[in-house]
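If you're matching them up, the sequences are chains A and B in order. The first sequence runs 1336 to 1712 under the working numbering. The second sequence runs 364 to 496 under the working numbering. Glycine included, each C-beta is placed from N, C-alpha and C at the ideal position.
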Amino acid sequence: MTTLRGKTAITGVGHTSWGKHPDRDRLSLMTEAAAAAIADAGLEKGQIDAVLVKMANSAPSILWGQKVAEALGLQPAIGLSLDQGGAACTGLATYAALAIEAGMIENALILYADTPRTGSRAAMHRPRGDDAVMGWYSVAAGYAMLHRAYRETYGANDEDFGIIAVQARAHGAANPHAHLRLPLSMEEYLSGPLVVEPMRRDDCCLVSDGGAAIVIGATSRAADRSRAVPVLGLGQGQESWEVHLRPDLLQTRAQASAEMAFRMAGIGRGDISFAQLYDCFTVTVLQTLEDYGLAPRGQAGARARGEGVGVDGWLPLNTSGGLLSESGTPGLQLIIEAVRQLRGEAVLQTPAPRFGLVSNQGGTMHTHATMILGEPQ
Amino acid sequence: MTRPMPEITDINRPYWDGLAQGELRFQRCDGCGHAWLPARTHCPQCLGARAQWQVASGRGQIVSWVVYHRAYAPHLQDQIPYNVAIVALEEGPRMLTNITDSATGEGFAIGAPVELTIEEEDGLHLPRFRLRA
Ligand SMILES: [Zn+2]
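Below, the structure is given as structure tokens:
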């Protein structure tokens, strides 16, 4: 059996500033990010032969991948827009790696931009189908169901969730790129207003304008091997069921996704140097740590508090602030931070990292994708 | 702004008609016996196209619940705080509902037994539940 392990690498990354962009649209933000990522990869624009876009959360659009390619002045072999919720950017990286290894393309550009901060937040507040008659609204409420189930089932306390927010905000405060550079104490977390109980304000990620892009190509053909970060493992698993139809609220197909990625990478859980886990809400991080086999069921928060998730901790987690502090953008910032860590270019640099773990997920843990990256060779 | 209304289709009409007649209905597959909500034309387990509407006992238990402190639509502004709960019917199907005993979830617990109470609002018959002793 052939393997994708290490065959492709992330050769370039780029993003706009995060926060408010009242005078920009999505194409403008994506073009800026794309130019930065292509330059970082040491490529010319014409060497990009795949334009792979995650559909904008706040503006679903037909032929969106083609609109983006047009703005970039490209006629790529492959151009598409994928809807996998917040798992899409790592999903796209998977399909890029497959197409590169199959010899169909050479350099894929993966992009996302959105303007929910200055534009519409309707997608996040939306009525959820016919269940809206029961008051069922918003993205947050689905995660609040998980948060409640986690708390009640495991007897977890508020601090078990709070540590995820407090640590992310400490990392974001140190990150000059971060949308929110305001540290959060545990006391402030605990006294924060309830949004959808039991979730508090600071359990919820930011809403940020901005754009990001990465370039993936064959590792062996990278312009600068010393900065090409090899993709060692890729996995996916789709829970699919709505939260209320799910037989077990506290286990998802994130488990299967991680199994697939670790098997491809050929490494164990203990080999991981840091993790950038999709932290749209604090409970997502606790569940992902447990679905990934990085902490026992119900113990992720206690372990994070006891052994630390800072740069010197048990597991350096979301070292640039994640969705809770760097940017609410759905996923690419986590991959970009993993690349910076493995290149040794991060603001809060972990010591000599060898293997980095990234999770992307969407819906209410409906979709999941995992990426394991290695140090440049 | 008024509350949203469900989209009544040929597929889900028996569900809403049932509530108007005082009963909570769910579907059961002729082929494999799987039971489900919301309404579908095909069984999600065996993909068979033949199913019967059955009347639920109305008994179930709480799977999880949340309390909204924020109104995500204008008509919800004077309703907060209110709860939304997941209830598992004893026949198997699960649904989103409200527990009528306490807006803020006092006395709720995972696994707590509940029973159906159908309430009429704005001409809609809504399947809600109350805690069962
Ligand atoms: Zn069946």
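Inter-residue spacing [alpha-carbon to alpha-carbon] between residue i and residue j
| i | j | result |
| --- | --- | --- |
| residue 309 of chain B | residue 400 of chain B | Since the first residue shown for chain B is 364 and the last is 496, residue 309 of chain B is missing from the structure and cannot be characterised. |
| residue 1501 of chain A | residue 1388 of chain A | 32 Å |
| residue 376 of chain B | residue 1429 of chain A | 42 Å |
| residue 1696 of chain A | residue 439 of chain B | 29 Å |
| residue 1504 of chain A | residue 1517 of chain A | 7 Å |
| residue 1399 of chain A | residue 1472 of chain A | 27 Å |
| residue 1587 of chain A | residue 1477 of chain A | 14 Å |
| residue 1595 of chain A | residue 457 of chain B | 30 Å |
| residue 1441 of chain A | residue 1552 of chain A | 6 Å |
| residue 408 of chain B | residue 1345 of chain A | 40 Å |
| residue 471 of chain B | residue 428 of chain B | 8 Å |
| residue 1431 of chain A | residue 1607 of chain A | 24 Å |
| residue 1452 of chain A | residue 1622 of chain A | 27 Å |
| residue 1351 of chain A | residue 1547 of chain A | 6 Å |
| residue 1538 of chain A | residue 393 of chain B | 44 Å |
| residue 1450 of chain A | residue 1360 of chain A | 7 Å |
| residue 1636 of chain A | residue 1485 of chain A | 11 Å |
| residue 425 of chain B | residue 1421 of chain A | 29 Å |
| residue 1339 of chain A | residue 1630 of chain A | 27 Å |
| residue 1384 of chain A | residue 1710 of chain A | 26 Å |
| residue 483 of chain B | residue 386 of chain B | 13 Å |
| residue 1403 of chain A | residue 466 of chain B | 47 Å |
| residue 1395 of chain A | residue 1424 of chain A | 16 Å |
| residue 1469 of chain A | residue 418 of chain B | 20 Å |
| residue 1353 of chain A | residue 446 of chain B | 34 Å |
| residue 1489 of chain A | residue 1643 of chain A | 20 Å |
Bridge-paired residues (DSSP) for residue i
| i | result |
| --- | --- |
| residue 1542 of chain A | None; residue 1542 of chain A has no bridge partner. |
| residue 1449 of chain A | A/1545 |
| residue 445 of chain B | B/431 |
| residue 399 of chain B | B/390 |
| residue 1416 of chain A | A/1388 |
| residue 1462 of chain A | A/1472 |
| residue 1664 of chain A | Partner(s): none; residue 1664 of chain A has no beta bridge. |
| residue 1444 of chain A | A/1386, A/1550 |
| residue 1616 of chain A | A/1539 |
| residue 1702 of chain A | A/1573, A/1697 |
| residue 1343 of chain A | A/1553 |
| residue 460 of chain B | B/448 |
Limits of the beta strand (DSSP E) - the one that residue i falls within
| i | result |
| --- | --- |
| residue 427 of chain B | 422 to 431 |
| residue 416 of chain B | 414 to 418 |
| residue 336 of chain B | With chain B covering only 364 through 496, there is no way to say anything about residue 336 of chain B. |
| residue 1565 of chain A | 1564 to 1573 |
| residue 1610 of chain A | 1609 to 1611 |
| residue 1692 of chain A | 1690 to 1697 |
| residue 1515 of chain A | From DSSP, residue 1515 of chain A is part of no beta strand (DSSP E); its letter is neither H nor E. |
| residue 377 of chain B | Careful: residue 377 of chain B lies outside any beta strand (DSSP E), inside the alpha helix (DSSP H) at 376 to 383. |
| residue 478 of chain B | 476 to 484 |
| residue 491 of chain B | 487 to 494 |
Contact set between residue i and chain A, taken where Cβ atoms lie within less than 7 Å
| i | result |
| --- | --- |
| residue 465 of chain B | Within chain A, no residue comes near residue 465 of chain B; the closest Cβ sits about 12 Å away, beyond 7 Å. |
| residue 370 of chain B | 1465 |
| residue 398 of chain B | None at all; the shortest Cβ gap to chain A is about 12 Å. |
| residue 447 of chain B | 1469, 1470, 1471, 1476 |
| residue 428 of chain B | 1483 |
| residue 457 of chain B | 1579, 1580 |
Partners in chain B for residue i, counting only beta-carbon separations shorter than 9 Å
| i | result |
| --- | --- |
| residue 1619 of chain A | The premise fails here: residue 1619 of chain A is roughly 15 Å from chain B at the closest Cβ pair, so nothing lies under 9 Å. |
| residue 1473 of chain A | 431, 433, 435 |
| residue 1462 of chain A | 367, 435, 436 |
| residue 1584 of chain A | 426, 427, 449 |
Proximal residues of chain A, C-beta to C-beta of residue i below 9 Å
| i | result |
| --- | --- |
| residue 404 of chain B | In chain order: nothing, as chain A lies at least about 16 Å away. |
| residue 487 of chain B | 1468 |
| residue 401 of chain B | 1464, 1465, 1466, 1580 |
Under 8 Å by beta carbon: chain A residues contacting residue i
| i | result |
| --- | --- |
| residue 460 of chain B | 1469 |
| residue 442 of chain B | 1470 |
| residue 439 of chain B | 1470, 1472 |
Limits of the alpha helix (DSSP H) - the one that residue i falls within
| i | result |
| --- | --- |
| residue 1657 of chain A | 1657 to 1660 |
| residue 1402 of chain A | 1399 to 1406 |
| residue 1596 of chain A | 1589 to 1600 |
| residue 1362 of chain A | 1361 to 1375 |
| residue 1525 of chain A | 1521 to 1525 |
| residue 468 of chain B | No alpha helix (DSSP H) contains residue 468 of chain B, which DSSP labels as neither H nor E. |
| residue 1425 of chain A | 1423 to 1436 |
Closer than 8 Å at the beta carbon, the chain B residues around residue i
| i | result |
| --- | --- |
| residue 1488 of chain A | 473 |
| residue 1529 of chain A | 430, 432 |
Residue i beta carbon near ligand 3 (any heavy atom closer than 7 Å)
| i | result |
| --- | --- |
| residue 1354 of chain A | The ligand content of the structure shown is limited to ligand 1, which means ligand 3 is not among them. |
Partners in chain B for residue i, counting only beta-carbon separations shorter than 7 Å
| i | result |
| --- | --- |
| residue 1532 of chain A | 429, 430, 432 |
| residue 1479 of chain A | 429 |
Q. Closer than 5 Å from C-beta to any heavy atom of ligand 1: which residues, in chain order?
A. Here the list is B/392, B/394, B/395, B/397, B/406, B/408, B/409, B/411.
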